[in-house]
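2 protein chains.
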Amino acid sequence: MDIAPPRSRQQRKADTLARFEHGEDAWVASADANGEAYITPLSYVWDGATFVMSTVEASLTGRNLAARGRVRFAIGETRDVIIVEGTMETFTLATVPTDLADAFAAKLWDARRDPEPPAYFRVTPRRIQAWREVNELTGRLLMRDGAWLV
Amino acid sequence: MDIAPPRSRQQRKADTLARFEHGEDAWVASADANGEAYITPLSYVWDGATFVMSTVEASLTGRNLAARGRVRFAIGETRDVIIVEGTMETFTLATVPTDLADAFAAKLWDARRDPEPPAYFRVTPRRIQAWREVNELTGRLLMRDGAWLV
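Right under this line is the structure:
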């Protein structure tokens with residue numbers, strides 16, 4: 070299989086921001102109190118600085134995430150990887166800021182109307198990696214400690 | 070956006086087995102000793118009953134997985150989800166069965182020749198879920214306790 074030449078880190082940052090803006094779904098990792106790891110797809114909205122996600126508050130993923138202040142998720146495909154690590158705030162129906170729930174509803178759906186109460190998660194990225202094939206493993210770190218490196 | 074009608078569970082099983090056979094990459098969840106969850110793409114080989122994966126033994130994912138006897142991973146896309154939970158055996162360069170490493174090498178690459186020693190993981194699926202959109206959430210469980218339900 071032919072492998073494309075590696076992108077510059079500037080190009081990766083541009084591609085990454087476009088994916089944040091136009092993509093909808095992330096693969097979110099979480100772990101329960103016993104350290105068992107789970108993976109689930111969650112939709113997101115990116116506002117230019119933070120991600121908002123939502124899931125059923127009482128679900129396994131909802132409970133796992135609410136118990137933590139950090140999260141890691143992947144966006145894209147396995148040969149076009151973006152991995153985001155971020156700090157995370159959790160909101161319930163009672164505590165979610167209206168503008169946050171409105172922004173989620175505007176792009177996705179109004180989870181406030183779901184039959185089961187949602188939790189909302191606001192994620193501030195602290196570390197971002199992006200790579201396609203092995204020839205992009207060098208230079209895959211785009212953000213560290215919340216600061217873009219490019 | 071138009072949503073296709075839900076597939077039958079028989080069709081989902083057929084689609085799932087085709088993906089196992091022809092796909093190459095999975096999103097693998099793992100957690101460290103502190104219960105922090107991670108996600109990483111790993112390549113796999115499916116032999117009709119088990120998956121074989123490999124990563125660098127000393128990597129974060131390699132160490133996280135080796136410390137556990139179960140694993141969960143996703144195959145496919147966020148709107149064409151297959152989630153597999155399985156029991157897992159871990160092998161090192163010293164313990165990996167030759168036929169297992171040969172099968173991995175035949176489809177992917179010979180990790181035994183990698184500069185950093187690999188770990189191999191043999192996963193026996195115990196639970197499989199498959200769905201595309203929300204209209205397929207019902208009936209998404211295809212395997213439970215290692216037995217196909219369809």
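So the protein lines, in turn, are chains A and B.
Note that our numbering has the first sequence beginning at 70, numbered continuously upward.
Note that our numbering has the second sequence beginning at 70, numbered continuously upward.
Beta carbons are placed, not taken as given, at the ideal position from N, Cα and C, and that holds for glycine.
{"query": "Going along the chain, which residues of its own chain have a beta-carbon closer than 7 Å to the beta-carbon of aspartate 179 of chain B, five neighbours each way excluded?", "result": "none"}
{"query": "Compute the distance between the beta-carbons of alanine 143 of chain A and alanine 100 of chain B, then report whether it is under 7 Å.", "result": "no"}
{"query": "At a cut of 8 Å, does the segment 167-181 of chain B reach the segment 112-125 of chain B through at least three beta carbon pairs?", "result": "yes"}
{"query": "For the alpha helix (DSSP H) that contains glycine 131 of chain B, what are its first and last residues?", "result": "129-135"}
{"query": "In terms of residue numbering, what span does the alpha helix (DSSP H) encompassing leucine 169 of chain A cover?", "result": "167-176"}
{"query": "Hey, would you say alanine 188 of chain B sits closer than 7 Å to threonine 156 of chain B, going by beta carbons?", "result": "no"}
{"query": "According to DSSP, which residues form a beta bridge with phenylalanine 89 of chain A?", "result": "Paired residues: none, contrary to the question."}
{"query": "When the Cα atoms are used, what is the spatial distance from proline 75 of chain B to arginine 209 of chain B?", "result": "10 Å"}
{"query": "Taking the DSSP output, what are the residues bridged to threonine 207 of chain A?", "result": "According to DSSP, threonine 207 of chain A bridges with nothing at all."}
{"query": "For glycine 145 of chain A, which residues does DSSP report across the bridge?", "result": "A:Val150"}
{"query": "Arginine 195 of chain A to glutamine 79 of chain A, Cα distance in whole Å?", "result": "18 Å"}
{"query": "How long is the line joining the alpha carbons of proline 184 of chain A and glutamine 198 of chain A, rounded to whole angstroms?", "result": "36 Å"}
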